[in-house]
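Colleague: First the structure, then my questions, so here it is.
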């Protein structure tokens, strides 16, 4: 039930600040931003409150309903650690569309398929923009990527290159050997840990980041060089993703952005430069080894990796020419959008199957029937794994990696559900709540993969059914979906086919959630592997 801020006790107000501090729980430097924020609010309070109160009264009869907040800080002090769950609870009081202020940002939360359709279909172009955080703008070179670039000709050109050409079936098939090699390395590494506890999330993350780095430049660099760069790349990527998940007071109070009081912008610039050095090195290697020859190979569909492919577009005379900075921004998107999302889904799927051993048994039987016991999983087997596909879909229904998706921002003031949505408001689509709504799902809190076996065509990842939107819908649907689905299914199928998994000491898998850049498990999944296949040569 929503909280009435008028009679909330001081202890209740202070407690939920954990949502803001959770990204830096172990760092004492989080105290300074809050103190500075309080001082800044005191100084700016009078004039900002007068302006904000006047503006609110002018538009109060047009905006969606919502909970009352405090002057200046809005509803920020009352937010709990898991926003997606709290937003669903507030919807029970205020309805499927409501507003609240987080600092100086007006936010609108929508949790109805019919209203979501108004946003992603009926007014898709109006809502095709983002309102990125400072950290996101920093790693994307000011929004020169696909995820955060404003809707327009540049965005359409870059997305077309990435979705239609870079992720075409032909190109993804051409890069399969690079993915296969990295998955085999993970199998070998896991085999060396037989009988010992393995962190499933870390295993999945290292596998995915290795696959991505292999596809980035595995066909261009010499093996020794690739190994050296790979370890640095993994460390830098992990640092970048960690910084991206930290709440930044300057995002809620833009007037404070120039001071960077938490140092998040500075840290993100440093992490971005760390990865940028790797990109520049690989690009320079490409040029030194004969860019013209490699570009010719790219045009003749003899591409070796993503870097090879993208540099073939660089400085073309046609309208599809992309700059060096755009290439790096696009690669950043793949790192941020493809690592945690894929590895977290693998971990959630494994956790749910550990809780439902009959589901894991059925999935492994399907793998035995499709692959056999004397062969490793290949991507050509994936289409035969209908039950495993259903397991993944059900996992993403219960635990969508982005439970609120990336917030949208209307390019002009518009109307949704009869309410006014001001230009530049942050609009959150609570797909987590929609996926658990008993009006649309039978037994919505239960893990039942079978529900997707009878609705294969109606419930896919393409965003056509507003009741199931794990990757969004419309123009801003996840651009990396073709690659992400391949990596996800390939990793999960391999881990299930090659190993039996048990929890240590008869423990029970925990499915409590932790809101962040992605929807993580609150406690890591630890499991003990044993070989499932008798031919041990397959683990070499």
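In my numbering, the protein residues as written are 6 to 545.
Glycine included, C-beta positions come from ideal geometry on N, C-alpha and C.
Computed from a predicted model, the values in this text were never measured in an experiment.
Per the DSSP calculation, residue 112 is bridged to which residue(s)?
Modeller: DSSP lists 105, 431 as partners of residue 112.
Colleague: If you count every other CB in all the chains shown that lies within 10 Å of the CB of residue 161, and 16 or more means buried, which is it?
Modeller: Looking at its Cβ environment, which holds fewer than 16 other Cβ atoms inside 10 Å, residue 161 is exposed.
Colleague: Between residue 242 and residue 344, which are expected to be in contact by the criterion C-beta below 8 angstroms, what is the C-beta distance as a whole number of angstroms?
Modeller: Sure, about 6 angstroms apart at Cβ, within 8 angstroms.
Colleague: Report yes or no: do the region 521-536 and the region 393-406 share at least 3 C-beta pairs separated by less than 8 angstroms?
Modeller: The region 521-536 is in contact with the region 393-406.
Colleague: Please name the residue, chosen from 214, 286, 539, 171, that lies closest to residue 190 on a Cα-to-Cα basis.
Modeller: Closest by alpha carbon: 214.
Colleague: Pull up the distance between the alpha-carbon of residue 452 and that of residue 364, whole angstroms please.
Modeller: One C-alpha to the other measures close to 9 angstroms.
Colleague: If we require 3 or more residues per run, which beta strand (DSSP E) segments fall completely within the region 342-368?
Modeller: Within the region 342-368, no complete beta strand (DSSP E) run reaches 3 residues.
Colleague: Quick check on the burial criterion: 16 or more other C-beta atoms within 10 angstroms. Buried or exposed for residue 33?
Modeller: Legend: pLDDT at residue 33 = 45, less than 50; position of this residue unreliable, no value from coordinates given.
Colleague: Let me check one thing: in DSSP terms, what residues is residue 525 bridge-paired to?
Modeller: BP columns for residue 525 point to 519.
Colleague: Express the C-alpha separation of residue 392 and residue 349 in angstroms, rounding to a whole number.
Modeller: Taking the straight line joining both Cα atoms gives about 20 angstroms.
Colleague: Once DSSP output is grouped into helix, strand and coil, what is the label at residue 133?
Modeller: In this structure, residue 133 counts as coil in the three-state DSSP scheme.
Colleague: Please report how far the alpha carbon of residue 104 lies from the alpha carbon of residue 271, in whole angstroms.
Modeller: Roughly 32 angstroms separates the two Cα atoms.
Colleague: Who are residue 532's beta bridge partners in DSSP?
Modeller: BP columns for residue 532 point to 203.
Colleague: If distances are taken between C-alpha atoms only, which option among 287, 185, 479 comes closest to residue 128?
Modeller: When each option's Cα is compared against that of residue 128, the closest is 479.
Colleague: State the beta-bridge partners of residue 504 as determined by DSSP.
Modeller: In the DSSP output, where bridge partners are listed per residue, residue 504 has 536.
Colleague: Assuming residue 441 and residue 257 are in contact, meaning their beta carbons sit under 8 angstroms apart, how far apart are those beta carbons, in whole angstroms?
Modeller: Not quite, the Cβ-Cβ distance comes to about 28 angstroms (not below 8 angstroms), so this is no contact.
Colleague: Buried or exposed for residue 435, please, with buried defined as at least 16 other CB atoms from any protein chain shown within 10 angstroms of its CB.
Modeller: Answer is buried; the Cβ neighbour count reaches 16.
Colleague: Could you name the residues of the same chain whose beta carbon sits closer than 6 angstroms to that of residue 474, not counting the 5 residues immediately before and after it, in chain order?
Modeller: If we look at residue 474 and ignore the five residues flanking it on each side, its Cβ neighbours are 436, 468.
Colleague: On the three-state DSSP scale, how would you describe residue 425?
Modeller: Three-state result, residue 425: strand.
Colleague: Between residue 177 and residue 491, how many whole angstroms is the CB-CB distance? I'm expecting something under 8 angstroms.
Modeller: Correct: roughly 6 angstroms between the Cβ atoms.
Colleague: Cβ of residue 108 within 6 angstroms of any heavy atom in the ligand ATP?
Modeller: In terms of ligand content, the structure shown is empty, and the ligand ATP therefore cannot be addressed.
Colleague: Considering only the alpha carbon of each residue, which of 488, 375, 463 lies closest to residue 181?
Modeller: Ranking the options by Cα distance to residue 181, first place goes to 488.
Colleague: Excluding the 5 residues preceding and the 5 following residue 329 in the sequence, name in chain order all residues of the same chain whose CB lies nearer than 6 angstroms to its CB.
Modeller: Nothing meets the Cβ criterion.
Colleague: Which residues in the same chain as residue 262 place their Cβ atom closer than 7 angstroms to its Cβ, once the five residues preceding and following it in sequence are excluded?
Modeller: The residues are 139, 255.
Colleague: Could you tell me which residues DSSP pairs with residue 319 in its beta bridges?
Modeller: Answer by DSSP bridge pairing, in chain order: 327.
Colleague: Alpha carbons only, please: which of 527, 99, 513 is nearest the one belonging to residue 362?
Modeller: Per the Cα distances, 513.
Colleague: Among 154, 542, 133, whose alpha-carbon lies nearest the alpha-carbon of residue 141?
Modeller: Of 154, 542, 133, the residue nearest in Cα terms is 154.
Colleague: For the alpha helix (DSSP H) containing residue 143, list its first residue and its last residue.
Modeller: 139-144 is the span of the alpha helix (DSSP H), which, as asked, contains residue 143.
Colleague: Tell me, please, whether the region 107-125 touches the region 525-538 by the rule of three or more beta-carbon pairs shorter than 8 angstroms.
Modeller: Not touching, per the Cβ criterion.
Colleague: Let me confirm a value: residue 219 is counted as buried when at least 16 other C-beta atoms fall within 10 Å, else exposed. Which label applies?
Modeller: Per the 10 Å Cβ criterion, buried.
Colleague: Let me make sure I understand the geometry here. Which of 239, 112, 89 has the alpha-carbon closest to that of residue 72?
Modeller: Per the Cα distances, 112.
Colleague: Checking 7 angstroms against the spacing of the C-beta atoms, do residue 372 and residue 501 come in under that value?
Modeller: Yes; because the gap between Cβ atoms is below 7 angstroms, this pair is in contact.
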